[in-house]
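Residues 54 to 520, numbered by our numbering, are exactly what the sequence shown covers, in order.
C-beta atoms are modelled at their ideal positions from N, C-alpha and C, and glycine is treated no differently.
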Amino acid sequence: MKTLPDDFIFGGATAAYQCEGATHEGGKGPVAWDAFLEKQGRFLAEPASDFYHKYPIDLELCEKFGVNGIRLSIAWSRIFPEGTGEVNKEGVRYYHEVLSEAKKRNVKVFVTLHHFDTPKALFDEGDFLNRQTIDAFVEYAKFCFEEFKEVEYWSTFNEIYPIATNQYLNGTFPPGITYDLKKVMTCLHNMLYAHARAVNVFKDGGYKGQIGVVHSLETKYPASMSDEDIHAAFLDDALSIRMLLDGTFKGRYSKETLSALKEISEENGFEIHFPEADFVEMEKAKDRNDYLGINHYQSHFVKAYHGESRIHHNGTGDKGTSAYAVKGIGERIYKEGLPRTDWDWLIYPKGLYDLLIRIQTDYPNYKAIYITENGMGYKDEFVDGKIYDEPRIDYVKQYMEALADAIADGVNVKGYFLWSLMDVFSWSNGYNKRYGLFYVDFDTQKRYPKQSAYWYQGLARTKEIRD
Ligand code: BGP
C-alpha cells in the first residue's frame, strides 16, 4: 500500500466567487461574471454555497474531518470595489474573520489573490490585455500583503491558461470572445509578468510567508507516434504548459516555446512580440517562487489538425459532446479504452506522475509543489441523507497513488487540495457538476458529508492510500 508523508497537507479547495455568494453584500463591487451569468440565464453565483455566512460551519467540518488545509481566494472587488482607489473596510474585516476562524480550527490557509474575478471596472477596460490592470493588480497585492499579515501562503493567480483560453479562445468566460489566439498569448504573457511583479514586491518588501502561483497543467501526449501528431502535441504543450513554466521559472521563454508561438501565430495570421523590459522583472522573480501550485484534472491526446478552429464545451455532463480542435495547434481526441467523466475529462493519473517528473527535470529551481486542485465532477445523488460517491473516491485514490510515486521518485510535493471542499458553483457548468467532500443542499444550505469525506478523513489520519 502506498503512503504519503507525515507532514503532508490534506486540504480542500474553494474560490471566492464559487462559494461565497453574497455577490452584492458587504460593499462588494461588481465583476464581469454577474452580468454575464444573468444574460445567459442558466444559473447565477448566488447564493452559491453561502460561504460568506457559513464559513464557520465549513471550517468546523474541516477540523472534524482532518482536512488540515483550505485554499480560498480573496475577492478583489470586496477589497477594492472599483479595482483601485477606495478600500471597502467591510471586505477587509470579513477576510480577517475568516482567517482567524481557520486559525482557531488549525486549518492552514492558502490565499489566492485572483481567481477569475477581476473587478468589473478594470475588466471593462480590457482586463489583463490592458497593462493598467497589471499595475492595479500589483497595488491590490501589495495592499493585501500589508494588511493580511496572518497569511502564510499567498498565490498570485489561479490558472492563467484557462483564463486566457476561456475568455478569448472558447468564449465560455466573459467577455465570451472566440478564436483570438493573439489575445490568448498577450493575456498569458501579461499575467506572467504581473505575477513576477507581485512576487518581487513581496520579496523586496520582506513580508513573512510564502508566495507562489497556481497553474493549470494538463499533460499533453501525441495521439499517435506519427511526426505530425508528435508535433501537434508539442505545440499544444508549448502554449498551455511550457510557456507558463518557462515564464515562471526561467524568467523568459525558451527557444522551443518561442518557435511554437511563432508557428501558431503565423498559421493564425498575426505576429506576437513581448516587451523586452518585462523579462527583467520576470528574471528577477524566477528563483523567488516559494512553491508552485498545480491544478491537474486530466490529460489530453493531441492529433494534427489543419482546419478552422472548432470547440464545443460540454457544460451539461452529456458524455461525448465536447470537441476541441484549434487551427495551427491540434485536435484533442478521446482515446479508446481510457475512462473519462461525464464532462469528457480524461481520467489518466499517469499524466500527473509524468508532469511532476518533468518539472523536477526541466525546472530544477522549483522549491516545493502543492497540488492545489484535483478532483472529480460528478452528478451526486442524495439518497436518504447519504451520498455514495465511489467513482470520486476511486478517481482521487488513483491520483494520490500517482502522487505518492512521484514523491518516492524525489519530487517535493508537500500537500494536496481536493477540489472542492464543499459543493460549489461551477463557472460554465452550474450546480449539477458537483465536486465537494461535503454535499451542499443549495436550497437549505445544509452540508452533508459524502462517502468521500469519510474516505479522505481516513487518509488524512493514516496517510495510507487504501480502497
Ligand atoms: C478549475 C478552477 C476551479 C474549478 C475547477 C473545476 O479550473 O480553478 O475554479 O471550477 O476547475 O472546473 P469546472 O467547475 O469547470 O468543472
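| Item | Value |
| --- | --- |
| Around the ligand BGP, Cβ to any heavy atom closer than 6 Å, ordered along the chain | Ala68, Gln71, Asn211, Glu212, Pro215, Ser269, Asn348, Glu426, Gly430, Trp472, Ser479, Trp480, Ser481, Asn482 and Lys486 |
| Under 7 Å between C-beta atoms of Asp282 and Lys380 | no |
| Local Cβ density within 10 Å of Met278, reported as buried at 16 or more and exposed below that | exposed |
| Straight-line Cα distance separating Lys303 from Tyr416 | 8 Å |
| Beta-carbon proximity list for Lys81, same chain, < 6 Å, skipping 5 on both sides | Ser130 and Arg131 |
| Sub-7 Å separation of Ala217 and Cys240 beta-carbons | yes |
| Beta-carbon gap between Lys202 and Val254 smaller than 7 Å | no |
| Own chain partners of Asp87 with C-beta closer than 7 Å, once the 5 adjacent residues on each side are dropped | Thr76 |
| Reduced DSSP category for His284 - H, G, I as helix; E, B as strand; rest coil | helix |
| Per-residue DSSP class, three states only, for Gln263 | strand |
| Beta carbon of Met238 nearer than 7 Å to that of Phe210 | no |
| Start and end residues, alpha helix (DSSP H) containing His248 | Leu234 to Asp257 |
| Rounded separation between Ile518 and Gly463 - CA only | 19 Å |
| Three-way DSSP call (helix, strand, coil) for Ile325 in this model | coil |
| Short Cβ contact (7 Å threshold) for Phe163 with Tyr206 | yes |
| Other residues of its chain near Tyr105: CB distance less than 8 Å, five sequence neighbours each side excluded | Glu73, Gly74, Ala75, Glu78, Gly79 and Tyr147 |
| Residues near Glu236 by beta carbon distance below 7 Å, same chain, minus five either side | Per the sequence presented here, residue 236 reads as Lys, with Glu not at that position. Around Lys236: Leu182, Tyr221 and Ile230. |
| Residue environment, Leu409, which counts as buried when at least 16 other CB atoms sit within 10 Å | buried |
| Glu319 - containing alpha helix (DSSP H), residue span | Lys308 to Glu320 |
| Simplified DSSP assignment, three categories, for Ser479 | strand |
| Option nearest Arg445 by Cα separation, candidates Lys432, Lys273 and Gly511 | Lys432 |
| C-beta atoms of Cys115 and Arg158 nearer than 7 Å | yes |
| For Ile364, the three-state DSSP class (helix, strand or coil) | strand |
| Three-state class that DSSP yields for Tyr148 in the structure shown | helix |
| Reference Ala128, options Asp496, Gly489, Lys403 and Val145, closest by Cα | Val145 |
| Nearest to Ala90 (by Cα), restricted to the options Arg250, Tyr501 and Ser479 | Per the sequence presented here, residue 90 reads as Leu, with Ala not at that position. Nearest C-alpha to Leu90: Ser479. |
| Which of helix, strand or coil DSSP assigns to Lys516 | coil |
| Proximity to Val151 [Cα-Cα], best of Lys173, Gly390 and Lys107 | Lys107 |
| Touching by the beta-carbon criterion (3+ pairs, under 8 Å), the stretch 318-338 and the stretch 450-468 | no |
| Gly98 to Gln71 span [Cα, whole Å] | The question names Gly, but residue 98 is Ala in the sequence shown. Rounded to whole angstroms, Ala98 to Gln71 spans 7 Å at the Cα level. |
| Glu454 - DSSP class collapsed to helix/strand/coil | helix |
| Nonlocal neighbours in the same chain, by C-beta distance under 6 Å from Arg295, ignoring five residues either side | Thr310 |
| Contact check, Lys273 vs Asp290, beta carbons under 7 Å | yes |
| Contacts around Lys55, its chain only, beta-carbon distance under 6 Å, and the 5 residues preceding and following it disregarded | Glu454, Ala457 and Ile518 |
| Residue from Phe327, Phe495, Gln451 and Arg124 whose Cα sits closest to the Cα of Gly468 | Arg124 |
| Minimum C-alpha distance to Glu418 - residue among Gly265, Phe133, Arg95 and Lys142 | Looking at the sequence provided, one finds Asn at residue 418 rather than Glu. For Asn418, the nearest C-alpha among the options comes from Gly265. |
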